[in-house]
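Mapping of the sequence shown onto my numbering: residues 2 to 632, in sequence order. Data first, discussion second: the structure below is written as structure tokens.
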Amino acid sequence: MTAYADFYRRSIDERDAFWAEQAALIDWKTQPTQICDYSKPPFANWYVGGTTNLCHNAVDRHLAKRGDQNALIFVSTETNEERVYSFRELHAEVQRMAASLLALGVKKGDRVLIYMPMIAEAAFAMLACARIGAIHSVVFGGFASGALASRIEDATPHVVVSADAGSRGGKVVPYKPLLDEAIRLSAHKPAAVLLVDRKLATMDLTAGRDHDWATLREQHLNTVVPCEWVDSTHISYTLYTSGTTGKPKGVQRDTGGYAVALAASMQHIFEAQPGETYFSTSDIGWVVGHSYIVYGPLIAGMATIMYEGLPTRPDAGIWWHLVEKYKVTRMFSAPTAVRVLKKQDPALLKKYDISSLKALYLAGEPLDETTAQWISDSLGVPIIDNYWQTETGWPILTIANGVQKAPSKFGSPGVPMYGFDVRLIDENTGEELKGANQKGVVTIEGPLPPGCLQTVWRDDARFVSTYWKSIPGKLVYNTFDWGIRDEDGYFFILGRTDDVINVAGHRLGTREIEESISSHPNVAEVAVVGVADQLKGQVAMAFVVAKDASALSEDAARLKLEGDIMKVVDGQLGAVARPARVFFVNLLPKTRSGKLLRRAIQAVCEGRDPGDLTTMDDPGALQQVRQLFTK
Ligand code: AMP
């Protein structure tokens, strides 16, 4: 057996011994007495009896050895700011933020919702919550008031931390009005709002509720806030993600298991070296931002770059400029971003000295071979695809070069990571597919390893029924992705089995978009599907049956309604969820029992065979989709 095969086998066969060793990668206040309590499957409790703190592991424990080394590097090409915080400075800022939250009445276990652009204060807020044992819930800054309202309602935060505005492509995007509207829409009202005033947009303040961060910070410049030692199973954060229903799920994460999982992945997957610089181009609103902008690199004693801006502004060399300037060794991005760069002047890649770079990690959506080959040739470093989900917190499939160097296969994220007992299952029979090159659903045998979701926030029943009971006769975690495994054990991911789509690495629920479109007064019915797109991987396409279609034979009227529907989605969910096109049809393809045939619509849009249509009610409906789409 190879070194990695041994390592992997041990993680499954001698689970507790393996994870007990990994636990030594972080600091504990009290050592755990039990490694994994799996007495109530599928609920796994990791490192029971142990107490620790995420902020201590990310910040405080580095002070003695590397207090003056870079910890957080904030770069905005939108506002032309660049601020570098050492571990010591980060420690001070986090305490000021923690003291401010305490002053606003936040207690251990309270939720703090963070709706922020990619600025340093967002990371201070996350770390400050971890420091005092509050539960953070970061909502992606690109979401609009409707999406934000449903998350505020579900998380019931005591405080919301936000800012006057973000900026994108040189255009100021005000956050405060969207937040005010979201709070107005939500049944839950936070007691306080803490606002970072970047002086980008004017803000209407609500007296008694809204507080200015600069003022509070000034009051707490030297306040000492010790880390609150929490149980390993204490909730560190919730992060909302889309599923099959319109209601987003709050993925709930623990503290000790997550800290160990990240520390281990930084070593075994990302080959982290303390003192080096990590650059993840994601956003703190997504799971990659949590694990590999904020917590992972800092836990490993690395400096981390937080970048606000586009990959193409001031020009498409900006990332490589940052790599040169900060001697980045490990970079993490998404295939869509690479496809964007591929369209730019190749000379920009050669303009900078990027010799510090040792590997580029890509995740979030399928990495096609052409893109992988292009970036690999351009950078001359290993390109490491990694497959995972908001739910798992760290890679399920990739290559663990820190354990043993292994070749990547373009088109495949790699092999199962230690701790993940991955099985391919036949969707209909529930039988495991053990042979090579058989297509099945990617599943994971319980217990999920440390770092994965504990449950769905306030909804254990949904956790069990959604993730663990979807395969007949088996209690197994369903990723809702199709996959195959080749003769060498490498997996290939073939897309989602459910109604989730992936636009430029952003996971969106088609039901959520449908619900938003349905709120337009002239929409009777709607189907949203994901359609393959060269740049973004997938884009959303909407098919709408209008209540009053009398004017829709006119181009101008159709375009007007299409634009109005897009505005509804922009206003409620945000531009990320806006469909690329809205088509108007007389009826939607359904089965005789009334089930919407989304997969058939998608197949037709992608020019594929829609498969067995014997249960379809009216074949004319699909014909109309075909005609509209191929026009
Ligand atoms: P999210 O929870 O937003 O990270 O989205 C997770 C989903 O993105 C997965 O279930 C996959 O469908 C897709 N995904 C993530 N990483 C990859 C990858 N490396 N290759 C293919 N699909 C991926």
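Backbone N, C-alpha and C define an ideal beta-carbon position, used for all residues, glycine too.
- Within the chosen limit of 7 angstroms, the ligand AMP reaches the beta carbon of Gly365 through at least one heavy atom.
- Distance from the C-beta of Val442 to the nearest heavy atom of the ligand AMP is not below 7 angstroms.
- Residue state for Arg593 is assigned as coil, using DSSP reduced to three classes.
- Runs of the beta strand (DSSP E) lying entirely within the segment 298–336 and spanning at least 3 residues, in chain order: 304–309 and 329–334.
- Of Asp534, Ser519, Ala541 and Lys537, the smallest CA-CA separation from Lys548 is found for Ser519.
- Note on Pro396: 16 or more other CB atoms within 10 angstroms of its CB, so buried under the neighbour-count rule.
- The Cβ-Cβ distance between Leu103 and Ala59 does not fall below 8 angstroms.
- Proximity of the beta carbon of Val288 to the ligand AMP is indicated: a heavy atom of the ligand is located closer than 7 angstroms.
- In this structure, DSSP gives Trp47 an extended state, which the three-state scheme calls strand.
- With 16 or more other Cβ atoms from the protein chains shown falling within 10 Å of its own Cβ, Ala131 counts as buried.
- Rounded to whole angstroms, the Cβ separation of Val289 and Gly365 is 7 angstroms, and the two are in contact under 8 angstroms.
- In the three-state scheme derived from DSSP, where H, G and I count as helix and E and B as strand, His291 is classed as helix.
- By the 16-neighbour rule on beta-carbons within 10 angstroms, Ala273 is buried.
- Annotation for Leu217: Ser101 place their beta carbon closer than 6 angstroms to its own, counting only its chain and skipping 5 residues before and after.
- Checking the 7 angstroms criterion, the Cβ of Trp389 is within range of a heavy atom belonging to the ligand AMP.
- Using a cutoff of 7 angstroms, the CB of Ile385 does not count as near the ligand AMP, since none of the ligand's heavy atoms is closer than that.
- Its chain contains Val577 as the residues whose beta carbon lies nearer than 6 angstroms to that of His507, once the 5 sequence neighbours on both sides are disregarded; these appear in chain order.
- By the neighbour-count criterion, in which a residue is buried when 16 or more other Cβ atoms sit within 10 angstroms of its Cβ, Ala265 is buried.
- Excluding residues up to 5 positions away in sequence, Ile136, Ser138, Ala156, Gly251, Val252, Gln253 and Trp458 lie with their Cβ nearer than 7 angstroms to the Cβ of Thr239 in the same chain.
- Counting of Cβ neighbours within 10 angstroms places Lys591 among the buried residues, the total reaching 16 or more.
- In the structure shown, the three-state DSSP call for Trp375 is helix.
- Remark: C-beta atoms of Met303 and Thr278 approach each other more closely than 8 angstroms.
- Just measuring C-alpha positions, the residue of Phe584, Asp386 and Ser87 sitting nearest Glu370 is Asp386.
- Its Cα nearest to that of Tyr48, the residue Asp232 stands out among Ile184, Asp232 and Glu122.
- Taken from the Cβ of Asn503, at least one heavy atom of the ligand AMP lies inside 7 angstroms.
- When the Cα atoms are used, Thr631 and Phe493 turn out to be separated by approximately 30 angstroms.
- Arg497 has its CB nearer than 7 angstroms to a heavy atom of the ligand AMP.
- Exclusion of the five residues before and after Asp211 leaves Val194 and Leu196 as the residues of its chain whose Cβ lies within less than 7 angstroms of its Cβ.
- Restricting attention to beta strand (DSSP E) runs no shorter than 3 residues, the segment 408–436 encloses them at 423–426, ordered along the chain.
- The ligand AMP has no heavy atom closer than 7 angstroms to the beta-carbon of Thr239.
- In the structure shown, Met542 falls within a strand segment according to DSSP collapsed to helix, strand and coil.
- Within the same chain, and ignoring the five residues on either side of Gln268 in sequence, the residues whose Cβ sits closer than 8 angstroms to its Cβ are Leu26, Ala301 and Gly403.
- The residues Ser87, Phe88 and Arg89, in chain order, have a CB closer than 8 angstroms to that of Asp69 in the same chain once the five nearest residues on each side in sequence are set aside.
- Less than 8 angstroms divides the Cβ of Phe544 from the Cβ of Val527.
- Here the C-alpha atom of Tyr176 lies approximately 41 angstroms from the C-alpha atom of Leu623.
- Taking 7 angstroms as the cut-off, one finds no heavy atom of the ligand AMP near enough to the beta carbon of Asp571.
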